[in-house]
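Asks:
Take a look at the structure:
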């Protein structure tokens, strides 16, 4: 099955305001090294959904903040921005994809102008999209995405949901959750990275994500017992005009 904004079987009723944080680890043998923490904020407003992700790396004072805005109806992309210490990037999805990439270290700005197609999602929303699909045992699909890289492969790429099995996630000693374990590969980067998502069968909450790439294994797990999570920064300031 091929999934695009024009053919999207996701359940839009699962979209709701949400905040959660995850600890990002590098695993080696039995040791865990914390890389940082990732805060995710999902906000539904009018006909759009905004997903903001803020990454705070250990030992780094500045944060990495990504913002993705899409239509609730089909997750058709509208806007994406990414700001960090090394570079800024903004994409606007309309008749053409326009925007810019600014390399702060090289003081080099690239203006972006690419012919738009309605046949793909913004690459940064697909991990959330997977949560909202009609998952079941042995579920497989190909998700069409757009990803921009200034010095690499850009354009329409594929995300492959290779397998889906039912399993368990131990949230705590008293809370063992039934989850869909979804194994995914995509064509971003070298195309050899494997992501495994542990998604609650009832709430569709992401409890855990495993990333295996270049012989390394990284794990992101939800921080439990956080009653109230801090809101991430409102980057960019212009995003309010898209909501």
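In my numbering, the protein residues as written are 908 to 1150.
Glycine included, C-beta positions come from ideal geometry on N, C-alpha and C.
Everything numeric in this text was worked out from a predicted model, so none of it was measured.
From residue 939 to residue 1050, what does the alpha carbon distance come to, in whole angstroms?
Replies: Your numbering for residue 939 matches position 32 in the chain shown. Your numbering for residue 1050 matches position 143 in the chain shown. Going by the C-alpha atoms only, they are around 32 Å apart.
Asks: How would you label residue 947, buried or exposed, when you count the other beta carbons within 10 angstroms and need 16 or more for buried?
Replies: Counting from one through the chain shown, the residue named residue 947 turns up at place 40. Classification of residue 947: buried, given that the 10 Å Cβ count is 16 or more.
Asks: Assuming residue 949 and residue 962 are in contact, meaning their beta carbons sit under 8 Å apart, how far apart are those beta carbons, in whole angstroms?
Replies: One-based indexing of the chain shown puts residue 949 at position 42. One-based indexing of the chain shown puts residue 962 at position 55. Not confirmed; about 16 Å, so no contact.
Asks: Suppose the cutoff is 6 Å on Cβ atoms and the five residues either side in sequence are ignored; what does the same chain contact list for residue 1124 look like?
Replies: Taking the chain shown and counting its residues from 1, one reaches residue 1124 at position 217. Result list for residue 1124: 934, in chain order.
Asks: Which same chain residues, not among the five before or five after residue 1035, have their C-beta less than 8 Å away from its C-beta?
Replies: Taking the first residue of the chain shown as position 1, residue 1035 is located at position 128. 949 and 958.
Asks: In the DSSP output, what is residue 977 paired with across the bridge?
Replies: Taking the chain shown and counting its residues from 1, the one referred to as residue 977 is at position 70. Beta-bridge pairing links residue 977 to 956 and 984.
Asks: Compare the C-beta of residue 980 with all C-beta atoms of chain B and state if any pair is closer than 8 Å.
Replies: Within the model displayed, chain B is absent; a lone protein chain is all it includes.
Asks: Give the secondary structure of residue 1111 by DSSP, where H, G and I count as helix, E and B as strand, and everything else as coil.
Replies: Residue mapping note: residue 1111 aligns to position 204 of the chain shown, counting from 1. Reduced to three states, the DSSP call for residue 1111 is coil.
Asks: Between residue 1098 and the rest of its own chain, which residues show a CB-CB distance below 8 Å, the 5 nearest in sequence each way excluded?
Replies: Within the chain shown, numbered from 1, the residue matching residue 1098 stands at position 191. 1092, listed in sequence order.
Asks: Could you check the C-alpha separation between residue 979 and residue 1003 for me, to the nearest Å?
Replies: For the purposes of this step, residue 979 is identified with residue 72 of the chain shown, where counting begins at 1. For the purposes of this step, residue 1003 is identified with residue 96 of the chain shown, where counting begins at 1. For residue 979 and residue 1003, the distance between alpha carbons rounds to 20 Å.
Asks: Near residue 1012, which residues of its chain fall below 7 Å by C-beta distance, leaving aside the five closest residues on each side in sequence?
Replies: Residue numbering aside, residue 1012 sits at position 105 when the chain shown is read from its first letter. Closer than 7 Å at the Cβ level, and outside the excluded window around residue 1012, lie 993.
Asks: So residue 1036 is in the beta strand (DSSP E); what residue range does that whole segment cover?
Replies: On the chain shown, residue 1036 is found 129 positions in, with the first residue counted as 1. Element bounds for residue 1036: not the beta strand (DSSP E) but the alpha helix (DSSP H), 1033–1038.
Asks: Out of 969, 1024 and 1080, which has the shortest C-alpha to C-alpha gap to residue 944?
Replies: Indexing the chain shown from 1 puts residue 944 at position 37. Residue 944 has its Cα closest to that of 969, out of 969, 1024 and 1080.
Asks: Going by alpha carbons, who is nearest to residue 1101 out of 1029, 990, 1130 and 1069?
Replies: The sequence position of residue 1101 within the chain shown is 194, counting from 1. The option with the nearest alpha carbon to residue 1101 is 1069.
Asks: Alpha carbon to alpha carbon, how far is residue 952 from residue 1119? Give it in angstroms, no decimals.
Replies: What you label residue 1119 is simply residue 212 of the chain shown in a count that begins at 1. What you label residue 952 is simply residue 45 of the chain shown in a count that begins at 1. Taking the straight line joining both Cα atoms gives about 35 Å.
Asks: Mapping DSSP to helix, strand and coil, what is residue 1001?
Replies: Against the chain shown, residue 1001 aligns to sequence position 94. Coil at residue 1001, not helix or strand.
Asks: Unbroken beta strand (DSSP E) runs of length 3 or more, entirely within the stretch 1020–1103: which are they?
Replies: You should have 1048–1054, 1062–1079 and 1082–1093.
Asks: To the nearest angstrom, report how far apart residue 1076 and residue 973 are at their CA atoms.
Replies: Your numbering for residue 1076 matches position 169 in the chain shown. Your numbering for residue 973 matches position 66 in the chain shown. The straight-line gap from Cα to Cα measures roughly 28 Å.
Asks: Can you tell me where the beta strand (DSSP E) holding residue 933 begins and where it ends?
Replies: Position 26 of the chain shown, counted from the first residue, corresponds to residue 933. It spans 925–935 - the beta strand (DSSP E) in which residue 933 sits, taken as one unbroken run.
Asks: Can you give me the Cβ contacts of residue 1026 inside the same chain, cut-off strictly under 8 Å, excluding the 5 residues immediately before and after it?
Replies: In the chain shown, the residue the question calls residue 1026 occupies position 119. Excluding residues within five positions, the ones whose Cβ falls inside 8 Å are 911, 912, 913, 1051 and 1063.
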